[in-house]
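Using our numbering, the letters of the sequence shown correspond one by one to residues 8 to 276.
Where is the CB? At the ideal position from N, CA and C, for every residue including glycine.
Here the structure is laid out as structure tokens; the discussion comes afterwards.
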Amino acid sequence: MIPPIEWTLSGHGGELAARTWPNPDARWLAVLIHGYGEHLGRYQHVADALVGMGALVVGADHVGHGRSGGERALIGDFEAVVSDVDTVLSAALDGHPDLPVVLVGHSMGGAIAVRYAQRYPDRVAAMVLSAPVLGSWHVLDLLEYEEIPDTPVDPATLSRDTSVGAAYAADPLVWHGPFKRPTLAALEELLQTISFDHPLGDELPVLWLHGDADDLVDQADTRAGTDRVRGLGFEERTYPGARHELFNEINRDEVFADIAAFTARAVKG
Numbered sequence: 008m009i010p011p012i013e014w015t016l017s018g019h020g021g022e023l024a025a026r027t028w029p030n031p032d033a034r035w036l037a038v039l040i041h042g043y044g045e046h047l048g049r050y051q052h053v054a055d056a057l058v059g060m061g062a063l064v065v066g067a068d069h070v071g072h073g074r075s076g077g078e079r080a081l082i083g084d085f086e087a088v089v090s091d092v093d094t095v096l097s098a099a100l101d102g103h104p105d106l107p108v109v110l111v112g113h114s115m116g117g118a119i120a121v122r123y124a125q126r127y128p129d130r131v132a133a134m135v136l137s138a139p140v141l142g143s144w145h146v147l148d149l150l151e152y153e154e155i156p157d158t159p160v161d162p163a164t165l166s167r168d169t170s171v172g173a174a175y176a177a178d179p180l181v182w183h184g185p186f187k188r189p190t191l192a193a194l195e196e197l198l199q200t201i202s203f204d205h206p207l208g209d210e211l212p213v214l215w216l217h218g219d220a221d222d223l224v225d226q227a228d229t230r231a232g233t234d235r236v237r238g239l240g241f242e243e244r245t246y247p248g249a250r251h252e253l254f255n256e257i258n259r260d261e262v263f264a265d266i267a268a269f270t271a272r273a274v275k276g
């Protein structure tokens, strides 16, 4: 295990808790962008794998998530979150200006990554999207209710490895409460913005990973979104039987091997 260096910086909604997993021989910079309700403390094994692929790894808990400031699970403006990602990335590049950047976004973090690439195309060398929320998301149907029902994320949807769901349910830094209307409304706006902005272009290598048994983020819904932004450099992998958290699935070694092969082709560092 590679111990992270923990640090803080100012984000749009308060202090952001960031982590860096160092690699003195790094050939590229991996920016981890986590999903809804969770935090980067759940990504130690992901960072270890990425360092093994030749990356310096960095990331921060989003506003309202993990150890960062803000009301829990409340995001009112995802464009500001994208700007926070750029602040983290810029700080990491300050000491490593020549490293090519690969965004690694999971779930909601996948949407944030795509929006970042739309806004800052010259800063991104490649992108890995794990079960990204794109196009549409059935959870946004909760906005139709006058009062949002108390329907938190079901830990059973995360992985066939039951220990993953148990650890998620017991994690005090994970948000276990209901979805909040401003967050859902802001996410709906983000998805619309992505879909009607420019495509990612043919020069950007992108790897989309999804499980065909993902009940939290349906692959067909995501495909509707990827079809609007994908370029010629877009690749995809579907894993039979896999649920939402591919980095925590029973075939995680296969997933990491696919990422290693992709980054070896995509990153010239």
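Delimiting residues of the alpha helix (DSSP H) encompassing residue 246: Here residue 246 belongs to no alpha helix (DSSP H); instead the beta strand (DSSP E) covers 241-246.
Pull up the distance between the alpha-carbon of residue 211 and that of residue 132, whole angstroms please. 7 Å
Pick out whichever of 74, 80, 245 and 205 has its Cα sitting closest to the Cα of residue 7. A query on residue 7 cannot be resolved here, the shown segment of the chain reaching from 8 to 276 and no further.
Rounded Cβ spacing between residue 147 and residue 215 (contact assumed at less than 8 Å): That pair is no contact at about 20 Å.
Measure the C-alpha to C-alpha separation of residue 110 and residue 160 and round it to an integer number of angstroms. 24 Å
For the region 174-193 against the region 74-89, do three or more pairs of beta-carbon atoms, one drawn from each stretch, fall closer than 8 Å, so that the two count as touching? yes
Runs of beta strand (DSSP E) lying entirely within the region 59-111, each at least 3 residues, in chain order: If only complete runs of 3 or more residues are kept, the region 59-111 shows the beta strand (DSSP E) at 62-67, in order along the chain.
Which residues does DSSP pair with residue 272 in a beta bridge? According to DSSP, which records beta bridges pairwise, residue 272 is partnered with nothing at all.
Here's a check: name, in chain order, each residue in its chain whose Cβ is nearer than 7 Å to the Cβ of residue 255, leaving out the five neighbours to either side. 165, 166, 168 and 171
Grouping DSSP H, G and I as helix and E and B as strand, with all else coil, what is residue 115? It is helical.
Segment limits, alpha helix (DSSP H) that includes residue 213: No alpha helix (DSSP H) holds residue 213; the beta strand (DSSP E) holding it covers 213-218.
One question on the structure: do residue 9 and residue 35 come within less than 7 Å of each other, judged by their Cβ atoms? no
Could you please give me the residues that DSSP links to residue 26 through a beta bridge? Residue 26 pairs with 13 and 66.
What's the C-alpha gap between residue 145 and residue 116? When rounded, the distance between both Cα atoms is 17 Å.
For residue 46, I'd like the list of residues in its chain whose CB is within less than 6 Å of its CB, leaving aside the five on either flank, ordered along the chain. 68, 72, 73 and 180
Determine the extent of the alpha helix (DSSP H) in which residue 40 is found, giving its start and end residues. Residue range 35-40 is occupied by the beta strand (DSSP E) that includes residue 40, with no alpha helix (DSSP H) assigned at that position.
Sort 75, 70 and 104 by Cα distance to residue 63 and report the nearest one. Nearest C-alpha to residue 63 among 75, 70 and 104: 104.
Sort 128, 242 and 264 by Cα distance to residue 205 and report the nearest one. 128
Going by the beta-carbon positions, is the gap between residue 134 and residue 224 smaller than 7 Å? Not a contact, by the Cβ cut-off of 7 Å.
If I'm right that residue 250 touches residue 208 with Cβ under 8 Å, what's the distance once you round it to whole angstroms? No, residue 250 and residue 208 are not in contact; Cβ-Cβ is about 31 Å, not under 8 Å.
What is the DSSP secondary structure of residue 137, reduced to helix, strand or coil? strand
Beta carbon of residue 189: closer than 6 Å to some heavy atom of the ligand FMN? With respect to small molecules bound, the structure shown includes none, and the ligand FMN cannot be examined in it.
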